[in-house]
Amino acid sequence: MTDLREALDRLLEAVPPKRLAESVRRLIADYRSGRPAEEPLLRNMVDVTAYAAYRMPATHAAVAAALAQITISPKSVLDIGGGSGAATWAALDAFPALETVTILDQVPEALKLGERMLPRATWQEWHLGEPTDAADLVLVSYVLGELTEDAQHDLVDQAGAAARQAVVIVEPGTPLGYRRILDARQRLLEQGWTVAAPCPHQQECGMTGKDWCHFSARINRSALHRKVKDAELGYEDEKFSYVAVTRQPTEQQGRVVRHPTFRKGLVTLQVCNPDTTVGPTLVSKREGPTYKAARDAEWGDQWPPHSPPD
């Protein structure tokens, strides 16, 4: 993440802060509207730079958190709709042995900006429906919400067909983003993929009512990042939903789906279980090593841990 932040700061220094701030405000309004875009939201190089400043650190953090939950050894990655490459940076951090790195996007300016930061990658203008090369790992991050429902289905199907080892799809951690993830998850299951994360099972989601499955990643803001977002805090929390599928069977372990809560001598974990139930797991101090593991557990972790600490 350090290299990405340094690359972003170098780019932001070359653009007047006022123009960046205006573009950031428009982009935030557009993305929060939840409406499918009738035209690309990134219209020029200022928009692309503003988007990179406003979204790349958060996208990187969310994709990095999702990639940490799968065990693969990819040699190639294909980032579909990857814009200026935030998800690709996360893949390079997670899998340093990657040999082939390809980013596809419909916005030429986004590709040009990304190439300035990461010249080792292949940056290719691409539109939905056009063919893609195969890759070990295929990423689709924060793209589905910009598409119609039919186009979402086409993109998920194409990602599943292009991947050899794994597909990871990330969307905003909102009820709408979660529903898009559920739909993508089902389509990938129908293609024969196995859900590796976050679900500990291959059945329908056990969350009911007003709840939805999402997670959180904390991002430390640089000084320029704070300035362009007109923010005071030195950090932000990115809420995201995701699905990661692989070809190999996975061990069925529960998943902590909310921040743990603590009382004296007791930790309560909200856990999604392999039997599809979602509910509280209480761990008391009397349970020794398991209690210590529960105190260290975080939102998004597997539960129980593979081996409780001594």
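According to the UniProt record's numbering, the sequence shown is numbered sequentially starting from 1. Don't be surprised by glycine CBs; every beta carbon is placed ideally from N, CA and C. Model, not experiment: these values are computed from the prediction.
As a quick exercise: from the options, pick the residue whose alpha carbon is nearest that of residue i.
| i | options | result |
| --- | --- | --- |
| Leu104 | Phe95, Ala87, Gln270 | Ala87 |
| Pro198 | Pro17, Ala50, Ala62 | Ala62 |
| Gln203 | Gly209, Lys210, Val195 | Val195 |
| Arg295 | Leu11, Val156, Pro17, Val256 | Val256 |
| Arg120 | Ser76, Glu149, Val107, Lys285 | Ser76 |
| Cys213 | Ala14, Lys285, Asp157, Thr174 | Thr174 |
| Ala29 | Met56, Tyr51, Ala151, Pro74 | Tyr51 |
| Glu130 | Ile80, Gly254, Thr71 | Ile80 |
| Glu237 | Arg10, Leu4, His60, Gln106 | The question names Glu, but residue 237 is Asp in the sequence shown. Considering only alpha carbons, the answer is His60. |
| Thr250 | Thr71, Asp9, Arg5, Glu13 | Thr71 |
| Asp301 | Pro172, Arg258, Asp3, Leu12 | Arg258 |
| Trp123 | Ala94, Gln158, Gly82, Ala151 | Gly82 |
| Val107 | Trp126, Leu269, Pro96 | Trp126 |
| Arg116 | Leu12, Val245, Val267, Ala297 | Leu12 |
| Thr132 | Gln152, Ala163, Ala151, Asp150 | Ala163 |
| Leu27 | Ala68, Ala94, Arg55, Ala151 | Arg55 |
| Lys285 | Asp211, Val267, Pro16 | Val267 |
| Pro172 | Val271, Asp154, Lys239 | Lys239 |
| Val271 | Trp299, Ala184, Leu4, Arg187 | Trp299 |
| Leu4 | Gln69, Arg221, Tyr291 | Arg221 |
| Pro274 | Pro200, Ala293, Ala90, Trp89 | Pro200 |
| Leu184 | Lys210, Glu149, Ala297 | Per the sequence presented here, residue 184 reads as Ala, with Leu not at that position. The residue with the shortest Cα to Cα distance from Ala184 is Glu149. |
| residue 344 | Asp211, Ser73, Asn44 | Outside the modelled stretch of the chain, which goes from 1 to 310, sits residue 344, for which no answer is possible. |
| Leu176 | Leu147, Gly192, Ala14 | Leu147 |
| Phe215 | Asn44, Lys18, Ala14, Gln69 | Gln69 |
| Gly160 | Trp89, Val245, Ala90, Ala91 | Val245 |
Since residue i contacts residue j with CB under 8 Å, what's their CB separation in whole angstroms?
| i | j | result |
| --- | --- | --- |
| Leu189 | Val138 | Actually they do not touch by this definition, with Cβ atoms about 16 Å apart. |
| Ala53 | Ala217 | Between Ala217 and Ala53 the Cβ distance is about 18 Å, and since that is not below 8 Å, they are no contact. |
| Val46 | Ser84 | With a Cβ gap of about 13 Å, Val46 and Ser84 do not count as contacting. |
| Ala7 | Ile219 | In fact, because the Cβ distance is near 15 Å, the residues do not count as touching under 8 Å. |
| Gln253 | Trp303 | 7 Å |
| Leu128 | Asp154 | 6 Å |
| Ala94 | Leu118 | That pair is no contact at about 15 Å. |
| Leu269 | Ala293 | Between Ala293 and Leu269 the Cβ distance is about 10 Å, and since that is not below 8 Å, they are no contact. |
Check whether the Cβ of residue i sits closer than 7 Å to any heavy atom of the ligand SAH, and report yes or no.
| i | result |
| --- | --- |
| Arg164 | Annotation note on the ligand SAH: not contained in the displayed structure, which lists no ligands. |
Which residues share a DSSP beta bridge with residue i?
| i | result |
| --- | --- |
| Gln302 | Arg255 |
| Pro280 | Gln270 |
| Thr194 | Thr246 |
For chain D, find out if any of its Cβ atoms is closer than 8 Å to the Cβ of residue i; answer yes or no.
| i | result |
| --- | --- |
| Ala50 | Here chain D cannot be found, since the structure has a single protein chain. |
Segments assigned alpha helix (DSSP H), at least 4 residues, entirely inside the stretch 197-272 | You should have 223-228.
Counting pairs of beta carbons, one from the stretch 253-265 and one from the stretch 175-185, are three or more of them closer than 8 Å?
-> The stretch 253-265 makes no contact with the stretch 175-185; the number of CB pairs closer than 8 Å stays below 3.
Would you mind listing the alpha helix (DSSP H) stretches within the stretch 75-109 that are 4+ residues and don't spill past its ends, in chain order?
-> Runs of the alpha helix (DSSP H) inside the stretch 75-109: 86-94.
Could you name each continuous beta strand (DSSP E) segment of 3 residues or more that falls completely within the stretch 114-177, going from the start of the chain to the end?
-> For the stretch 114-177, the full-length beta strand (DSSP E) segments reaching 3 residues or more read 122-125, 135-141, 163-172 along the chain.
Touching or not, the stretch 19-30 and the stretch 130-148, by the rule of three or more beta carbon pairs under 8 Å?
-> No, the stretch 19-30 is not in contact with the stretch 130-148.
Examine the Cβ distances between the stretch 165-173 and the stretch 97-117 and report whether three or more of them are shorter than 8 Å.
-> With the cut-off at 8 Å, the stretch 165-173 and the stretch 97-117 do not touch.
Are at least three pairs of beta-carbons, each pair with one atom in the stretch 143-161 and one in the stretch 107-115, less than 8 Å apart?
-> Three or more Cβ pairs closer than 8 Å define a contact, and the stretch 143-161 falls short of that threshold against the stretch 107-115.
Is the number of C-beta pairs between the stretch 205-213 and the stretch 272-283 that are closer than 8 Å three or more?
-> Contact between the stretch 205-213 and the stretch 272-283 is present, because at least three Cβ pairs lie under 8 Å.
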